[in-house]
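Respectively, the protein sequence lines represent chains A and B. So the first sequence is numbered by our numbering: it starts at 1351 and just counts up by one. So the second sequence is numbered by our numbering: it starts at 15 and just counts up by one.
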Amino acid sequence: MKIFNKIIFISLLLINIPASFFSFTNVSALESTSDYVFEPDSKPYGHTYGEWEAKFWGLHVNLQPDKSPASPDYKPTECLLLQDGNMTFLSDFYSEIEYRNYECKISQTPIVIPALTEGCSYGEFESPTDKIIEDCIKSHNPYAVVKVTIDGKEIPDIDRFRITSDWFILNVTQKDNPYDIKLGSHKAKIDAIMPIVKPLPSGEHEIRTEVFQDVPSIIMSDVPLHRVITYNLMVEPNVNK
Amino acid sequence: MGWSAFAKLSNIVNLLSQKYIFIFITLALLIYFDSSFVNLSEALHLPANKIYLIDVFLIFVTIFIVINVLLIFTIKNIFSKNYRILGTRIKVLQSFIVLYLITVSILIMILIFEILLLERYNIYLIYSLLIITHFTAIYFSIWGTEKFLKWFKSTKNKLLLVYIVSFITFSVLITLSFLYTITELQHFPETIIPGDLKRMIHAVSINLSEIYPFYRISFLITFCSIWVLNAFLLYDYYGRNNRLKFWAILSIPIVFFLIDFFPVTLKLLTSLYLLNPSLFLPLYTIPSTIATFIGAAMVSITSWLVIRKIENKVFKNYLILVTFGLLLILTSTQETLFPRFLFPPFGLITILFVGLAIYLLFIGFYSASLHISRDTALVRNFANRIYQYEFFRSIAKSQLEQDIKNIIPIVLQSKEFNLQKPERLGLDLRKEEIEKLFQIVRRQLEDKLSDNK
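Next up, the structure:
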């Protein structure tokens, strides 16, 4: 019996030593994503998810061509982030290559993760109608399989976060935007999976979005899409805190 | 082991050296790569720069021209020895299709020269090609429908009914495919210049034509009608002896096609991605690009298996044209990314086969029916054969009836044979009267044929 107890004790020790070492060295790893991700029906920082999606789309379409991953003139950068006040937006998943790693230093701010986006406006059609825009924003997204992980932990039931914004006004100031949207203010909508997370603890974190999408041929002729984008974030402590 | 491998290789080389098999495989590969090049380029991470894309398109155009030349000579060889039997109308049709293939080849050559020399081309070249090919296809599909309808009226053969439905669906599908493509092309300027492939297919919003769902539904109906046709042919080949093999072969193309077609089934399939992405992607990419293609190829190969058993070489050659037509009709009307990315226009070559597809289907059946209706030895050979020969016999019988129907008024008006004599009404014909009637009808048929020459 004593021998059996010894074996149990040594086994537990062997399992726990590396585990405890790992937890000491990777202090910033999250225990659960649910503590950090805002619920889809909540109003993070006073705005609905739909409103944050609209803000993101406004920033995204106005990126300079060399900074927009959807543009043929895009020049890959080590880090690509968008900022609106205190909110940090990661990049849209359209990328010039299918597997992309970004290395970024950020301060302790909330983060918007645009895992899957489809925004459309009156400015990109010759004879637009509300129906055309409604159809446009849902032409691909329903057929996508999406996975988002933070520090290797998957956000469960990610499809809950697929939210369509209300109508908003999209102001386009970038002449050579990759979506061929005319300059000016246009009625627009966006459908997206875009979870918003609270400021992460300081240290290294990995946010990874993975998308596989294929549209059935009765809907439209399309190419299957596969994108894996990894953000390696170094979250620096907030000095004001 | 080494010898058996060599023997196998030798068999493959022998098989490929057969003219029809060589054309068939080249055609199938050309259409597969042209129609799914953009998909394959994405899946296999191929380069998307302008020079590389133009080079690939140049290879496709070169193969297209070579195939067209081969087809011109093949069709000429098949018919040139048989105008005596088939008549002048076939000669006119054959000259028409040669002229058609030359015109299409010249237009596509102008297009590739403009791309190579000017790095742009005029969209009216594409409009011209689409109009020529689709109007030819619509003309032959309507003619085919009319012919099969006439044959069906006199024989009531159930397989003929399936062919009528197929030809009607071809007419509708080709019309809708043409309208859809033309509507999509209207979003482009007159001069087409190089564009970014990835941006065009992923970032730019699509203002999809309202015709698209109708076009796709008509494709589904056409696919199903050809699938039923295939089931009839396959039943004769496998179904009588091996039901399991019959249903296995029959269900492969329809399962592939339907999974890719509908949202529910496709979503179920793509959900498997999360289980094992690295295993899922290679297993998914190839089947998803051949979903339509495999259906068309299997229909065509099945009909080939049936036709190859026919002993009469001339008759068999006509029906081989039908197998080419079956391969081309479904593949040339499938949806491709052609209307979304036009520099270079991948998928255009596939669409250009639509006219030839219907011509081959029509001319294959029409010349076969004319031949057997005028070759009594061949008709006798068909007696006591299995079901599919019954189908051709009924066509032959019907065609002969139609020919005789036109002659009867002439015979009745002639002074040589008078059925109107009051004393002969209501009585059976005497032996010498039957012989005389037979000679008159035969002479009239021969006169008709010589008038056609």
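Yeah, the Cβ is synthetic: ideal placement off N, Cα and C, and Gly gets one too.
Item	Value
Return the residue from the list F355(B), I152(B), Y287(B) and T306(B) that minimises the CA-CA distance to Y298(B).	Y287(B)
Which bits of chain B does H1576(A) rub up against, with CB to CB less than 7 Å?	L295
Listed from N- to C-terminal order along the chain, which residues in the segment 1551 to 1566 of chain A have their beta-carbon within a distance smaller than 9 Å of any beta-carbon of chain B?	E1560, F1562, Q1563, D1564, V1565 and P1566
At the level of alpha carbons, what is the spacing between L175(B) and K1539(A)?	50 Å
Where does A1494(A) fall in DSSP's three states?	strand
Less than 8 Å between the beta carbons of L319(B) and L342(B), yes or no?	no
So what does DSSP say about D62(B), is it helix, strand or coil?	Residue identity check: residue 62(B) is Ala in the sequence provided, not Asp. A62(B): coil per DSSP, three-state reduction.
Identify the contact partners of K1497(A) in chain B, using a Cβ-Cβ distance below 8 Å as the criterion.	L288
Compare the C-beta of F311(B) against all C-beta atoms of chain A and say whether one is closer than 8 Å.	According to the sequence as given, residue 311(B) is Ala; it is not Phe. By this cut-off, A311(B) is not an interface position.
For the alpha helix (DSSP H) containing A1404(A), list its first residue and its last residue.	Y1399 to V1411
For chain A, is any of its Cβ atoms less than 8 Å away from the one on S223(B)?	no
For a minimum of 4 consecutive residues, which ranges assigned as the alpha helix (DSSP H) are wholly contained in the segment 132 to 171 of chain B?	137 to 169
Who pairs with R1577(A) in a beta bridge, going by DSSP?	V1561(A)
Determine, using beta carbons only, whether E1403(A) comes closer than 8 Å to chain B.	no
Going along the chain, which residues of its own chain have a beta-carbon closer than 6 Å to the beta-carbon of I268(B), five neighbours each way excluded?	W241
DSSP state of F1374(A), grouped into three classes?	Summary for F1374(A): the model assigns pLDDT 40, below 50, so the residue's position carries little reliability, and this model does not support an answer.
How far does the alpha helix (DSSP H) with S1457(A) in it extend, from its first residue to its last?	Note, S1457(A): premise wrong, no alpha helix (DSSP H); beta strand (DSSP E) at Y1449 to S1457.
Can you pull the DSSP bridge partners for K1488(A)?	None; K1488(A) has no bridge partner.
Could you say which of Y1395(A), V1495(A) and D1564(A) lies nearest to T1438(A) if we only look at CA atoms?	Y1395(A)
Name the residue from I1483(A), L1466(A), P1415(A) and Q1433(A) whose alpha carbon lies nearest to the alpha carbon of I220(B).	I1483(A)
Would you list, in chain order, the members of the segment 262 to 276 of chain B that have their beta-carbon closer than 7 Å to a beta-carbon of chain A?	D274, F275 and F276
Using alpha carbons as the reference points, say which of K1532(A), I1505(A) and S1471(A) lies closest to I1487(A).	S1471(A)
Are the beta-carbon atoms belonging to Y1529(A) and V313(B) less than 8 Å from one another?	no
Between L1440(A) and the ligand SAH, is the CB less than 7 Å from at least one heavy atom?	The ligand content of the structure shown is nil, which means the ligand SAH is not present either.
Which first and last residues belong to the alpha helix (DSSP H) in which I1543(A) is found?	Taken as a continuous stretch (DSSP letters only), I1543(A) belongs to no alpha helix (DSSP H), being part of the beta strand (DSSP E) at G1534 to I1543.
DSSP state of C238(B), grouped into three classes?	helix
I think T347(B) touches S49(B), with their Cβ atoms under 8 Å apart; what is that distance to the nearest whole Å?	Incorrect: roughly 11 Å between the Cβ atoms, too far for contact.
By Cβ distance, which residues of its chain are closer than 7 Å to P358(B), with the 5 residues on each side in sequence left out?	L67, I68, F71 and I129
Got a sec: which bits of the segment 1459 to 1470 of chain A sit with their beta carbon under 7 Å from any beta carbon on chain B, in order along the chain?	C1470
Below 7 Å on C-beta distance, what does D210(B) contact in chain A?	P1422
CA-CA distance, L362(B) and F166(B)?	36 Å
Taking the C-alpha atoms as reference points, what is the distance between R1510(A) and L283(B)?	20 Å
Assuming I1513(A) and K1537(A) form a contact by the criterion Cβ under 8 Å, report the distance between their Cβ atoms to the nearest whole angstrom.	Not quite, the Cβ-Cβ distance comes to about 19 Å (not below 8 Å), so this is no contact.
Any idea what DSSP makes of L1520(A), helix, strand or coil?	strand
Rounded to whole angstroms, what is the Cα-Cα separation between E1468(A) and F184(B)?	36 Å
Using CA atoms only, rank isn't needed, just tell me which of S285(B), K281(B), L272(B) and R134(B) is closest to A305(B).	L272(B)
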